[in-house]
Structure formats: C-alpha cells, structure tokens
Amino acid sequence: MLTGLDIEGDTPLHRAPARAKLVGLFVAAVGLFLVSSPFLLGAAAIVAAGLYASTGIAPREAIRRVRFVLITVLLVAAANYLFHSAADALAVLFRLSALVLLAAAVTATTTISAFMDEITLMLRPLERFGLVRAADVSLAVGLVLRFAPEILARYADIREAHRARGLPVRPLGVLVPLVILTLRDADTIALAIDARGFRR
Amino acid sequence: MSTRDLVLVALFAAIIVVLGMLPPITLGFIPVPITAQSLGVMLAGCTLGARRGASACLLVVLLVAIGLPVLSGGRGGLAVFAGPTAGYLVGWVAGALVTGLIAERLVREGQPQLQQYLGFFLAAAVGGIGVVYLLGIAWLSYMSGKAFVETTLASLVFIPGDLIKAVAAALAGRAVLAGYPLLPART
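Those sequence lines, one after another, are chains A and B.
So the number in the working numbering is just where the residue sits in the first sequence, counting from 1, plus 131.
So the number in the working numbering is just where the residue sits in the second sequence, counting from 1, plus 1.
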C-alpha cells in the first residue's frame with residue numbers, strides 16, 4: 132500500500148548517484164531564485180520538464196504527481212499578474228514550475244533506500260553529539276511502513292463496529308478509539324524490539 | 002529516547018499518515034474541504050507532548066522527503082517542498098512542539114473537564130494554527146514574489162476549517178487523556 136514514488140528504469144538520472152542529484156537540486160533551487168529574467172527562467176522550466184520526462188514516467192502519472200503543487204504555483208502566479216505585472220507573474224510561474232519539476236524528477240529516480248543512506252550520512256554529525264541515532268530513524272521509518280496499513284484496517288473495523296451497533300459514524304467517535312487502541316500497542320512493540328536487541 | 006517513546010512516535014506518525022488517506026470532509030458553510038491530517042498534527046502535541054509530538058511530525062515530513070506518498074491526496078516527494086505551500090508542512094514540526102509545550106503546562110489529569118478542554122483548545126489553536134500559519138505564510142510570501150500580501154490574505158480562507166479542527170483536537174485530546182494518558186506534566 133505504501134510504496135515509494137520512485138519508478139524503475141535505467142535512464143541517466145537513475146544511474147546518477149543520489150547525493151549528486153540532491154546537491155544538484157539544491158544548487159538549482161538557489162540559482163533559480165537569483166535569476167529574475169522570465170526568458171532564462173522559462174528556458175529553465177523547459178529543461179526541467181525535459182528532465183522529468185526523461186525519467187520514463189508515464190505521462191498520466193507524471194501529471195498526477197505534480198498537479199496539486201503546480202495549481203498552487205499557478206494561483207500564486209495569477210495573484211502576481213492581477214496585482215503586479217505580467218513579467219513578475221511569468222518569472223514566478225517559471226521559477227517555481229522548474230523547481231517542482233526538477234524535484235519530482237529526483238524523487239522519481241531515487242529509491243527510498245538511497246534516500247535513507249543519504250539521511251544516515253547527514254545525521255552523522257548529530258550522532259557524534261549523541262543527539263539522535265541514525266539507526267533509530269530508519270527503525271522508526273520501518274515501523275510507520277509496517278503499521279500504517281494495520282491502523283487503516285483498524286479504522287475500518289471501528290467504523291464497522293459502530294454501524295453494527297446502529298451508532299452514527301462520527302469522525303471523532305472513530306478517531307478517539309483509533310488513537311487509544313493504536314498507542315496501547317506501543318508497550319508490546321517496544322518489548323518485542325528490546326527482546327530482539329535491535330537497540331543497544 | 003526510550004524504545005517505548007520511539008515506538009509511540011512511529012505509531013503516531015502512522016496515525017497521521019492514515020488520517021491523510023481518509024477522504025476530506027466538506028462542510029456546507031466553509032468553502033474548502035477539510036482534511037483530517039492537520040488535525041493529527043494538533044492531536045500529536047496534545048497526546049504525546051512537545052518532544053514526542055514534534056518527533057512524530059518530523060518523521061512524517063521525512064517520509065514525504067524520501068518519496069513516500071503519505072500526504073492527503075497521495076501527495077509526496079521532494080516536489081512538495083519546492084511548492085509555495087511547503088512552509089505549512091515544515092510548520093507542522095514547530096506547531097506540534099508548541100502545542101505540546103502549552104498542553105504540558107495547562108492540562109493535568111484530574112482537572113475539571115472544562116479546564117482540560119480549554120487547555121487543549123488553546124494549545125491546538127496557538128501551536129496548530131498560529132505557529133503553522135506563521136511559518137506557512139513566511140514561506141509563501143518569499144515564494145510568491147511581489148504579491149505576498151494578496152497570497153497571505155487568500156490563505157486566511159482556511160482559518161475557519163482549522164478552528165473546527167482545533168475544537169476537534171481538544172475534544173479528542175481530552176478523551177485520549179482520559180482513556181490512555183501519555184501527556185507528560187510540566188510546571
């Protein structure tokens with residue numbers, strides 16, 4: 132149910148190391164905010180769209196993923212057009228669209244485990260000060276992926292239980308038992324983790 | 002952080018993820034549909050307190066960043082952070098932290114019910130709305146170029162829905178406190 136947004140493939144972006152892509156995305160983000168010419172930004176948006184298309188993602192899925200963010204970009208651009216100038220609007224539209232498309236291209240070509248490796252590396256300085264443990268972060272990510280489907284099933288169960296008793300299904304009437312029943316499992320899960328010696 | 006705390010953080014993050022999978026509710030008198038996900042953020046602070054609540058939200062933000070479609074409507078990935086509304090998402094962490102800090106100070110077990118409701122509502126409104134909007138609007142103004150006043154005003158249409166969520170968080174927070182108390186007390 133909870134699968135990553137990376138798509139399989141063997142394009143140049145797939146083969147590029149995750150770190151290079153993340154650093155590239157960061158540099159592009161800074162660069163895009165330093166430029167204000169609509170023409171340059173328009174060119175950048177076209178390049179970004181090309182990179183996103185080069186990941187081999189199916190067109191319908193490609194649009195579905197960025198649709199919501201691009202609508203907010205469009206609204207912001209429209210506000211700039213209405214209250215300021217067309218040049219400002221185009222600059223904002225192209226700058227943010229380019230950034231969104233580049234980011235989507237990185238997400239589409241980088242696996243969850245490649246991201247986790249980079250996060251482990253970034254946490255290393257914090258780990259040295261004893262602030263956080265990288266192993267804990269990956270354990271927590273694993274726990275969410277493991278238990279989210281179970282919690283969704285429990286939500287359906289609680290709704291069924293309400294219906295079976297002729298009670299109206301109200302959001303709060305379901306949420307409260309869902310939270311209590313889920314958090315009550317914490318002791319058992321923590322015992323199971325400690326018994327296996329995962330955290331030392 | 003003890004193993005139990007770590008598990009509580011992960012389970013609450015999973016609850017927030019599941020809340021994002023439920024269909025949004027539309028109320029007649031508010032123009033925008035309400036998603037339960039930001040209710041989960043307020044509830045994280047009210048239920049787990051500042052440290053664990055903020056950690057749960059940070060975990061959700063991390064899941065979004067590594068490319069899992071865990072936000073409402075199946076959104077996720079780095080593109081979310083590139084959009085103009087990313088500040089609202091990043092603001093969840095600080096929002097849950099402030100919600101927890103206020104709740105830990107105002108709400109105790111054994112207080113009269115009304116006092117607990119009010120304490121949780123105040124915590125959810127200040128943390129879950131005030132702090133989240135502060136970061137969300139700051140980011141939005143930066144991203145929207147010259148039209149920042151207009152875009153800021155436009156984002157206020159979401160306030161009524163969020164106030165309803167703060168009420169819901171207060172009701173649910175008190176019920177969870179009565180059924181399975183986890184909120185640490187602070188003086």
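For each residue, glycine too, the CB sits at the ideal point set by N, CA and C.
What you are looking at is a predicted structure, and each value in this text was computed from that prediction instead of being measured.
DSSP bridge partner residues for Leu-314/A (one or two, in chain order): For the purposes of this step, residue 314/A is identified with residue 183 of the first sequence, where counting begins at 1. Beta-bridge analysis with DSSP links Leu-314/A to no other residue.
Rounded to the nearest angstrom, what separates Val-263/A and Arg-330/A at their Cα positions? Taking the first residue of the first sequence as position 1, residue 263/A is located at position 132. Taking the first residue of the first sequence as position 1, residue 330/A is located at position 199. Distance between the alpha carbons of Val-263/A and Arg-330/A is about 13 Å.
Between Gly-78/B and Gly-92/B, is the Cβ-Cβ spacing less than 8 Å? The residue given as residue 78/B occupies position 77 in the second sequence. The residue given as residue 92/B occupies position 91 in the second sequence. Not in contact: Gly-78/B and Gly-92/B (Cβ atoms no closer than 8 Å).
So the alpha helix (DSSP H) Val-263/A belongs to, where does it begin and stop? If you number the first sequence from 1, residue 263/A lands on position 132. Segment: none, Val-263/A is in no alpha helix (DSSP H) and carries neither H nor E.
In this structure, how does DSSP classify Ala-35/B when only helix, strand and coil are distinguished? The residue given as residue 35/B occupies position 34 in the second sequence. Per the sequence shown, the amino acid found at residue 35/B is Ile instead of Ala. Strand, per DSSP.
Nearest-angstrom Cα distance between Leu-230/A and Phe-164/A? Residue 230/A sits at position 99 when you count from the first residue of the first sequence. Residue 164/A sits at position 33 when you count from the first residue of the first sequence. Spanning the two alpha carbons is a distance of roughly 10 Å.
Among Pro-280/A, Val-223/A, Gly-187/A, whose alpha-carbon lies nearest the alpha-carbon of Val-237/A? Numbered from its first residue, the first sequence carries residue 237/A at position 106. Nearest option by C-alpha distance: Gly-187/A.
Please give the ranges of any alpha helix (DSSP H) in the segment 43-83 of chain B, keeping only runs that are unbroken, at least 4 residues long and fully inside the region. 51-66, 80-83
Let me confirm a value: Asp-141/A is counted as buried when at least 16 other C-beta atoms fall within 10 Å, else exposed. Which label applies? As a working note, residue 141/A is residue 10 in the first sequence. By the neighbour-count rule (16 or more Cβ atoms within 10 Å), Asp-141/A is not buried but exposed.
Tell me whether the segment 43-63 of chain B and the segment 266-278 of chain A touch, counting them as touching only if at least three CB pairs, one residue from each stretch, are closer than 8 Å. yes
Cα-Cα, which of Ser-3/B, Thr-153/B, Ala-170/B, Ile-130/B is closest to Phe-121/B? Here residue 121/B corresponds to residue number 120 of the second sequence, with the count starting at 1. The shortest Cα separation from Phe-121/B among Ser-3/B, Thr-153/B, Ala-170/B, Ile-130/B belongs to Ala-170/B.
In chain order, what residues of the same chain lie with their CB nearer than 7 Å to the CB of Ala-124/B, ignoring the 5 residues before and after it? Stepping through the second sequence from its first residue, residue 124/B is reached at position 123. Same-chain partners within the cutoff: Gly-46, Cys-47, Thr-100, Ile-103, Ala-104, Leu-107.
Nearest-angstrom Cα separation, counted from Leu-306/A out to Leu-23/B: Looking up residue 23/B in the second sequence gives position 22. Looking up residue 306/A in the first sequence gives position 175. Approximately 11 Å between the Cα atoms of the pair.
Classify Gly-111/B as buried or exposed, calling it buried when 16 or more other Cβ atoms lie within 10 Å of its own Cβ. As a first step, residue 111/B is located in the second sequence; it is residue number 110 there, counting from the start. When all chains shown are included, Gly-111/B counts as exposed.
Is Ile-26/B helix, strand or coil by DSSP? In the second sequence, counting from the first residue as 1, residue 26/B sits at position 25. It is a strand residue.
Of the listed residues Gln-116/B, Gln-117/B, Ala-173/B, nearest to Val-42/B (C-alpha basis): If you number the second sequence from 1, residue 42/B lands on position 41. For the residues Gln-116/B, Gln-117/B, Ala-173/B, the minimum Cα distance to Val-42/B belongs to Ala-173/B.
State the DSSP-derived secondary structure class of Asp-137/A, mapped to helix, strand or coil. The sequence position of residue 137/A within the first sequence is 6, counting from 1. If DSSP states are grouped into helix, strand and coil, Asp-137/A belongs with coil.
If we ignore side chains and look at the alpha-carbon of each, how far apart do Glu-192/A and Gln-116/B end up? Walking along the first sequence from the start, residue 192/A turns up at place 61. Walking along the second sequence from the start, residue 116/B turns up at place 115. Those two C-alpha atoms are separated by around 49 Å.
I'd like the list of long-range same chain contacts for Gly-50/B, defined as Cβ closer than 6 Å, with 5 residues on each side in sequence excluded. Translated into positions along the second sequence, residue 50/B becomes position 49. Same-chain partners within the cutoff: Gly-101, Glu-105, Leu-184, Pro-185.
Taking the alpha helix (DSSP H) that Leu-221/A belongs to, which residues open and close that run? Indexing the first sequence from 1 puts residue 221/A at position 90. First-last of the alpha helix (DSSP H) with Leu-221/A: 217-240.
First and last residue of the uninterrupted alpha helix (DSSP H) at Ala-105/B: Position 104 of the second sequence, counting from 1, holds the residue named residue 105/B. The displayed chain sequence assigns Glu, not Ala, to residue 105/B. Segment 87-107, the alpha helix (DSSP H) holding Glu-105/B.
Listed by chain order, chain B residues near Arg-150/A by CB distance under 7 Å: Translated into positions along the first sequence, residue 150/A becomes position 19. Correct list: empty, because the minimum Cβ distance to chain B is about 14 Å.
Do Cys-58/B and the ligand ATP come close, with the Cβ less than 7 Å from some heavy atom? The ligand ATP is not part of the structure shown, which contains no ligands of any sort.
Could you list which residues in chain A have their beta carbon closer than 7 Å to that of Lys-166/B, in chain order? Within the second sequence, the letter at position 165 stands for residue 166/B. Simply none; closest approach about 10 Å.
8 Å Cβ cutoff, Leu-171/A in contact with chain B: The count along the first sequence starts at 1 and reaches residue 171/A at position 40. Closer than 8 Å: no.
How would you write the range of the alpha helix (DSSP H) that Tyr-134/B sits in, first residue to last? In the second sequence, the residue the question calls residue 134/B occupies position 133. Element bounds for Tyr-134/B: 133-144.
Starting from the beta carbon of Phe-199/A, find every residue of chain B whose beta carbon is closer than 7 Å, and list them in chain order. Taking the first sequence and counting its residues from 1, the one referred to as residue 199/A is at position 68. By Cβ distance, chain B contributes Gly-74, Arg-76.
Using a Cβ-Cβ cut-off of 8 Å, state whether Val-166/A counts as contacting chain B. Reading the first sequence from its first residue, position 35 is the one you call residue 166/A. Not closer than 8 Å to any Cβ of chain B, the Cβ of Val-166/A fails to qualify, so no.
Determine the chain B residues that contact Met-247/A at a beta-carbon separation under 8 Å, and present them in chain order. Working through the first sequence from its first residue, we reach residue 247/A at position 116. Chain B residues near Met-247/A: Ile-67.
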